[in-house]
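Student: Starting off with a structure, shown below.
Numbering (my numbering), first residue to last: 60 to 267.
Listed below in structure tokens is the structure:
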């Protein structure tokens with residue numbers, strides 16, 4: 060079995076959405092003084108590689124701790140969308156419709172993947188538009204992931220998010236796919252079990 064880590068390492072220097080600094084790791088015990096090391100870690104619910112729970116954009120949506128791991132663990136397909144366009148549209152998805160199988164998980168690899176873990180935030184990242192989200196929802200997928208910190212660029216009404224979340228599709232953002240070849244894998248994406256949270260950082264791994 061071969062494992063591929065597709066999560067970004069979490070640090071104070073990592074890329075943050077709109078350059079909001081959200082990670083702080085503060086030592087609370089020092090080995091030299093206390094003969095042990097401990098730290099206080101402060102970070103946002105959408106830090107680095109993470110999932111969006113329905114509660115992120117839906118008033119009565121379920122929170123992170125209520126999301127079934129069945130949506131995040133299982134067969135998946137990494138689809139190459141690194142063709143130079145800025146937005147994934149319905150037409151792009153129709154071209155790869157044979158890969159969008161029901162009850163599976165789809166991870167989109169785009170030109171976003173050329174970035175490093177510490178680059179400044181790029182507001183021109185590749186995203187998924189509303190019509191593409193509607194198409195994905197109709198495919199009855201379990202999860203959709205993308206290789207940047209957002210699946211849309213703050214479009215009015217957040218329609219991409221709401222369309223997918225209302226359809227029961229879990230959103231995974233901030234995936235690290237630059238070293239991953241397109242194809243079929245087994246996804247292990249385990250978010251922190253944060254009770255009542257709108258999202259949570261996750262460790263995501265592919266195996267085959």
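The C-beta atom is built at its ideal place from N, Cα and C for all residues, glycine as well.
Who are residue 232's beta bridge partners in DSSP?
Tutor: 109
Student: Rounded to whole angstroms, what is the Cα-Cα separation between residue 171 and residue 93?
Tutor: Distance between the alpha carbons of residue 171 and residue 93 is about 43 Å.
Student: Tell me, please, which residues DSSP counts as bridged to residue 135.
Tutor: 164 and 244
Student: Which stretch, first to last residue, makes up the beta strand (DSSP E) that contains residue 62?
Tutor: Segment 62-64, the beta strand (DSSP E) holding residue 62.
Student: Please report how far the alpha carbon of residue 174 lies from the alpha carbon of residue 246, in whole angstroms.
Tutor: 22 Å
Student: Just to confirm, are residue 229 and residue 153 a CB contact at a threshold of 8 Å?
Tutor: no
Student: Can you give the beta carbon distance from residue 206 to residue 167, rounded, assuming they're within the 8 Å contact cut?
Tutor: 7 Å
Student: Beta carbon of residue 263, beta carbon of residue 66: below 8 Å?
Tutor: Here residue 263 is near residue 66, since their CB atoms are less than 8 Å apart.
Student: Please return the same chain residues whose Cβ sits closer than 6 Å to the Cβ of residue 254, not counting the five positions on each side in sequence.
Tutor: 124
Student: What span of residues does the beta strand (DSSP E) with residue 262 cover, start to end?
Tutor: 258-266
Student: Using three-state DSSP, classify residue 221 as helix, strand or coil.
Tutor: Per DSSP, reduced to three states, the secondary structure at residue 221 is helical.
Student: Would residue 188 pass as a contact of residue 148 if the rule is Cβ separation under 8 Å?
Tutor: yes
Student: In angstroms with no decimal places, state the Cα-to-Cα distance between residue 107 and residue 91.
Tutor: 31 Å
Student: Pair every Cβ in the segment 233-249 with every Cβ in the segment 196-212, then say whether three or more of these pairs are closer than 8 Å.
Tutor: yes
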